[in-house]
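Residue numbers (this note's numbering), protein chains in the order written: chain A, 10 to 130; chain B, 10 to 130.
Notes for the one structure printed next.
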DNA sequence: ATATATATAGTAATGATTCCTATTACTTAA
DNA sequence: TTAAGTAATAGGAATCATTACTATATATAT
């Protein structure tokens with residue numbers, strides 16, 4: 010993967026927020042620094058950064074969100090304000106049970122807990 | 010919700026499979042019985058059946074899959090063959106911990122375990 | 001049987017994402 | 001340091017799932 014200013018910028022934008030942004034949000038932020046960066050470039054680089062393990066994707070509903078946090082973790086989504094926050098769940102035991110009961114090797118665990126955050130209950 | 014032949018057919022199609030089908034697959038099956046049913050009708054009825062609690066939605070990647078099984082459960086997805094199968098995970102304890110540690114009330118739990126099923130490991 | 005409101009078919013529109021292509025810009029080796 | 005080779009880009013078109021629109025059809029309460 011050859012260096013590019015665009016990719017570095019995109020990575021910086023993601024690292025600078027905890028909001029689990031969408032591709033379009035990242036695109037708009039990036040344009041503030043590089044006025045003619047294109048949306049296709051954003052998508053291509055998000056894929057590359059993901060493949061390189063430098064960022065994480067969360068596929069939520071009909072669109073993807075991106076996360077600088079590459080340590081395995083899960084998400085809480087507030088159904089009132091839409092905010093997504095991180096949560097660490099030890100999944101070793103779950104994986105082990107699934108292997109024993111279903112002969113299924115778990116590589117990746119995706120959990121979203123939908124509910125109401127502390128601001129709305 | 011007024012009776013309609015289309016909605017009944019769509020519900021039957023879903024109840025007749027364990028494959029967690031997409032809207033388009035359901036549409037194609039339905040057309041075998043009702044040649045000019047339209048895709049919009051399928052989507053509208055899938056929403057209505059979901060709202061009525063008669064079926065379940067799984068939002069997987071960029072599209073939705075539907076499930077006759079309305080008892081809360083989770084899914085295993087094989088990254089080789091794409092097959093999705095059901096798994097029951099007792100989540101009461103997890104919900105309780107999340108409530109205590111994050112002041113977050115969990116209403117719905119979505120888990121997908123991606124890995125390799127018994128046919129591919 | 002009739003009125004009325006909900007559902008439908010068919011098609012257009014939307015929105016996220018991917019694809020295409022001519023041009024630009026990293027990088028390497030002379 | 002420069003030239004060549006190749007990966008990356010901008011800009012726009014294409015794709016695919018889903019939703020919106022609208023005139024017509026149909027369920028159902030009276």
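The C-beta atom is built at its ideal place from N, Cα and C for all residues, glycine as well.
Note that this is a predicted model, so its numbers are computed, not measured.
The Cβ neighbour count for residue 84 of chain A, taken over all protein chains shown within 10 Å, is at least 16; the residue is labelled buried.
One thing to note: residue 91 of chain A has its Cβ no nearer than 8 Å to the Cβ of residue 115 of chain B. Where residue 112 of chain A is concerned, there is no enclosing beta strand (DSSP E), because DSSP gives it neither an H nor an E. Excluding residues up to 5 positions away in sequence, 29, 31 and 67 lie with their Cβ nearer than 6 Å to the Cβ of residue 74 of chain B in the same chain. Contact between the segment 97-108 of chain B and the segment 52-59 of chain B is absent, with fewer than three C-beta pairs closer than 8 Å. According to the DSSP assignment, residue 84 of chain A belongs to no alpha helix (DSSP H) but to the beta strand (DSSP E) extending over 83-87.
Against residue 114 of chain A, the close residues of chain B are 124, 125 and 130, in the order they occur along the chain (beta-carbon pairs closer than 8 Å). Judged by beta-carbon spacing, residue 121 of chain B lies within the 8 Å limit of residue 119 of chain A, meaning their Cβ atoms are closer than that value. Counting the other CB atoms within 10 Å of its CB gives residue 14 of chain B a total below 16, which places it among the exposed residues.
For residue 98 of chain A, the three-state secondary structure derived from DSSP is coil. A straight line joining the alpha-carbon of residue 43 of chain B with that of residue 78 of chain A spans about 49 Å. If you check the CB distance, residue 53 of chain B and residue 46 of chain B do not come in under 8 Å.
Assigned with DSSP and collapsed to three states, residue 54 of chain A falls in helix.
Residue pairing by DSSP places residue 73 of chain A opposite A/68 in a beta bridge.
When the five nearest sequence neighbours on each side are left out, the beta carbons in the same chain lying within less than 6 Å of the beta carbon of residue 16 of chain B are those of 54, in order along the chain.
DSSP places residue 36 of chain A in the uninterrupted alpha helix (DSSP H) bounded by 32-42.
With a contact defined as Cβ atoms closer than 8 Å, residue 20 of chain B and residue 72 of chain B miss out at about 20 Å.
Relative to the Cα of residue 107 of chain A, the nearest Cα in the group B/87, B/25 and B/11 belongs to B/87. Of the candidates A/129, A/112 and A/117, A/112 places its Cα closest to the Cα of residue 126 of chain B.
DSSP places residue 49 of chain B in the helix class (H, G or I) of the three-state scheme.
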